[in-house]
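Some notes on the structure that comes next.
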Amino acid sequence: MTTTVTSHRTRPPAQPPTLRARRLPKYVAPAIALAALLVAAAIVYGAGIGGPVLVVVIGALLYLGALYVAANVVEGRRSARNRTWSALIHSAFVLAVLPLASVVWTLVSKGLERFDANFFLTSMNNIGARDPEGGAYHAIVGTLLQVGIAALITVPLGILCAIYVVEYGRGKFAFAIRFFVDVMTGIPSIVAGLFILAFWVLIVSPYFNDGRPGFSGFAAALALSVLMLPTVVRSTEEMLRLVPAPLREGAYALGVPKWKTILRIVLPTALPGIVTGVMLAIARAAGETAPVLLVAGGGAAINFNPFENNQSSLALFVYQQAGDASRYAPARAWTAALTLVALVLILTIAAKLLARRNRLGR
Amino acid sequence: MAKRIEASNVTAYYGGFKAIENINLTVEPKTVTALIGPSGCGKSTFLRSINRMHEVLPGARVEGSLTIDGQDIYDRDVDVTAVRRMIGMVFQRPNPFPTMSIYENVVAGLRLNGVRRKSILDEAAEKALRSANLWDEVKDRLGKPGAGLSGGQQQRLCIARTIAVEPQVVLMDEPCSALDPISTLAIEDLMFQLKDKFTIIIVTHNMQQAARVSDRTAFFSIEKTGDPGRLIEYDNTQKIFSNPSVKKTEDYITGRFG
Chain A
1 MTTTVTSHRT RPPAQPPTLR ARRLPKYVAP AIALAALLVA AAIVYGAGIG GPVLVVVIGA
61 LLYLGALYVA ANVVEGRRSA RNRTWSALIH SAFVLAVLPL ASVVWTLVSK GLERFDANFF
121 LTSMNNIGAR DPEGGAYHAI VGTLLQVGIA ALITVPLGIL CAIYVVEYGR GKFAFAIRFF
181 VDVMTGIPSI VAGLFILAFW VLIVSPYFND GRPGFSGFAA ALALSVLMLP TVVRSTEEML
241 RLVPAPLREG AYALGVPKWK TILRIVLPTA LPGIVTGVML AIARAAGETA PVLLVAGGGA
301 AINFNPFENN QSSLALFVYQ QAGDASRYAP ARAWTAALTL VALVLILTIA AKLLARRNRL
361 GR
Chain B
1 MAKRIEASNV TAYYGGFKAI ENINLTVEPK TVTALIGPSG CGKSTFLRSI NRMHEVLPGA
61 RVEGSLTIDG QDIYDRDVDV TAVRRMIGMV FQRPNPFPTM SIYENVVAGL RLNGVRRKSI
121 LDEAAEKALR SANLWDEVKD RLGKPGAGLS GGQQQRLCIA RTIAVEPQVV LMDEPCSALD
181 PISTLAIEDL MFQLKDKFTI IIVTHNMQQA ARVSDRTAFF SIEKTGDPGR LIEYDNTQKI
241 FSNPSVKKTE DYITGRFG
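Line by line, the protein sequences give chains A and B. Every letter in the first sequence is one number past the one before it in UniProt numbering, and letter 240, counting from 1, is 240. Every letter in the second sequence is one number past the one before it in UniProt numbering, and letter 55, counting from 1, is 55.
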């Protein structure tokens, strides 16, 4: 490390005489961090003004200041600024990840208490306030059925709608569809629930149900479809637009008809992105409470039939258990929340793997 | 097998903009014809109107008549896909289908048009890849993705894909402009071989290339920006490059404008 440059500050920046510059040794940054934390701890606990969080905050500020000064003295202004901004950007990342880690930690630590066979194999039927048992079997069944039916409705409909808008739609009609899909994106879930309650449960379903309003898992699936459809359409639309025009032209130039080009070239190319969009929609729908409460009614017993009688769902189960007076209910609510997150995660991973299998480059 | 193309009074529009006007030109079978001219003069537009790719863009349309062995391809009851199967096209940038392997790319045209027999597809794939001088390079990795090849190989893959459906005419829209000189040479060699079977029309900005590969050359130009492109001169390549009869052609070829 023999170098003629003493500091960039003392020289005009236009013509650096050599390309090499003095660098802080590697151990300096961690050493400053450690010292900053120790000083912060001394200040905080010495003055008795706070706990470990304050130590970290003050330590981080001290670290930034000290690092800037040290870098400024040894490496020059530009490097000092570079180090400060890098440190700030890394802190922003940590701040952004912190809530996520906290949620996962809370869910896992509190959810593991009832993460047992009884929870997954029993329902809440005949479980009183003094019973420590009881599980979410009925709610898991409800969530899977409702989200499954909703996906069966929205995925084909949404993809076809997006294909129309991107590949065929011209003029006012396609514009109107895009506009209303945008409007639908903003529908609050409770409004979707009320719509299905008024339209399906109270008006249409009595015709199949001896004149009585039919609360059912299917009604919940309809309400979830209203929420999922715009997400599926918009994300599919974006993905289809990302497929380069030369690919379509390449297929047309081989004499391939347009519908076949879309089916065999455009859709497979956009598939991974479409799957991501669909999974986002499913994750959103699986987490909805209000519409399920309104049109499926909830319930404590296992019901495999989505077309008759009340059905629960995991989100609704969490809501009900969290507000329940029993001292055993909060643990069930946490485990159900953990189950819901795990379920969506598993579905997402499975879908991604399936979508990737269709692509090449094994 | 190759066919004669006759264009008479072909005029093409993009919406309200007239891109080319009154193009009259006859392309003989089993020849290479080069279309040259400055940017925006309508060479590509004319090329794309030969296999009805021009109308793919919204608002684009073509007037006049374009016949291939006497059949007007713009006739009302002509099937567009049949036209495009007869007149294949290679694009400026190689565009292999990214979800398909090398093999699937080559047979895509056949397979998507309903050919299912494995033996027929295998045979067609090998034949097309051999004609495109790509077989030796890819025969051991036919199952690998087409997008993993180099740019020059990808372009030859696209040529193989085009000739696998056995067209009569192959249109090439600046096929070498994204390639290095060695890949360019490979594709020019290929054109010489393909000439035995196909009629080839190539758009190029590279005048040495036009002089090297083509039998006849058409020079397009525009008066000024916004005017439609016109055919200025169409003659044997040797004549165009040694003794053009129009002053404008000479100016362009000698680099005085464009």
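Note that the Cβ used here is the ideal one computed from N, Cα and C, for glycine as well. Owing to the predicted nature of the structure, the values given are computational and were not obtained by experimental measurement.
Using a 10 angstroms sphere on the CB of Asp173(B), the tally of other CB atoms reaches 16 or more, which defines it as buried. No beta strand (DSSP E) of 3 residues or more sits fully in the stretch 124 to 164 of chain A.
At a cut-off of 8 Å between C-beta atoms, Gly88(B) counts as an interface residue with respect to chain A.
Contact check for Pro156(A) and Ala221(A): beta-carbon distance about 14 Å, past the 8 Å limit, so the pair fails to qualify.
Contact annotation for Ala174(A) against chain B: no contact, minimum CB-CB distance about 12 Å [criterion: below 7 Å]. Counting C-beta pairs closer than 8 Å gives three or more between the stretch 282 to 299 of chain A and the stretch 193 to 203 of chain A, which meets the contact rule.
Three or more Cβ pairs closer than 8 Å define a contact, and the stretch 247 to 254 of chain A falls short of that threshold against the stretch 178 to 191 of chain A. For Pro58(B), the closest Cβ of chain A is nearer than 8 Å. Counting every other CB atom within 10 Å of its CB across the protein chains shown gives Ser245(B) a total below 16, marking it as exposed. Setting aside the 5 residues that flank it on each side, Leu280(A) is surrounded in the same chain by Thr231, Ser235, each with a C-beta closer than 8 Å to its C-beta; the list follows chain order.
Contact between the stretch 207 to 222 of chain A and the stretch 260 to 267 of chain A is not established, with fewer than three Cβ pairs separated by less than 8 Å. For the stretch 258 to 290 of chain A, the beta-carbon criterion of a distance under 7 Å to any beta-carbon of chain B is satisfied by Lys260, Arg264, Ile265, Pro268, Thr269. Using a CB distance cut-off of 8 Å, Phe17(B) does not count as an interface residue toward chain A. When rounded, the separation of the alpha-carbon atoms in Ala40(A) and Leu64(A) is 13 Å. In terms of Cβ geometry, Phe97(B) and Gly146(B) form a close pair [threshold 8 Å].
For Glu249(A), at least one C-beta of chain B is nearer than 8 Å to its own C-beta. Taking CB atoms only, Gly255(A) has a neighbour in chain B less than 8 Å away. Taking 8 Å as the threshold, the shortest C-beta distance from Pro30(A) to chain B does not fall below it.
Between the stretch 174 to 193 of chain B and the stretch 11 to 25 of chain B there are fewer than three C-beta pairs closer than 8 Å, too few to call the two in contact. Between the stretch 33 to 51 of chain B and the stretch 219 to 235 of chain B, the count of C-beta pairs closer than 8 Å reaches three or more; the two stretches touch. With the criterion set as a beta carbon lying under 8 Å from some beta carbon of chain B, the members of the stretch 154 to 171 of chain A are Arg170, in sequence order. Around the beta-carbon of Ile140(A), 16 or more other beta-carbon atoms lie within 10 Å, marking it buried. Sequence-distant partners of Asn243(B) (beyond 5 residues in either direction) whose C-beta falls short of 6 Å from its own C-beta are missing from its chain. Between Phe192(B) and Ala211(B), the C-beta spacing is not below 8 Å. Counting along the chain, no beta strand (DSSP E) covers Lys139(B), and no H or E run does either. Taken residue by residue, none of the stretch 184 to 207 of chain B has a beta-carbon sitting less than 9 Å from a beta-carbon on chain A. Residue-level contact by beta carbon fails for Ala132(B) and chain A, as no gap is shorter than 8 Å. Separation of Leu67(A) and Leu98(A) (C-alpha to C-alpha, rounded to the nearest whole angstrom) is 24 Å.
Collapsing the DSSP output to three states places Lys18(B) in a strand. Residue contact check for Met53(B) against chain A: a CB pair falls below 8 Å. Looking at the backbone, the Cα of Ser131(B) and that of Ala92(A) are separated by about 57 Å. Taking a 10 Å sphere around the C-beta of Ile120(B), we find fewer than 16 other C-beta atoms and assign the residue as exposed.
Separation of Ser123(A) and His138(A) (C-alpha to C-alpha, rounded to the nearest whole angstrom) is 5 Å. The three-state secondary structure of Asp72(B), taken from DSSP, is strand. By the C-beta criterion, the stretch 105 to 112 of chain A is judged to be in contact with the stretch 333 to 352 of chain A, since at least 3 inter-stretch pairs fall below 8 Å. From the listed residues Ile201(B), Ile87(B), Asn24(B), Glu126(B), the smallest Cα separation to Ser65(B) is found for Asn24(B).
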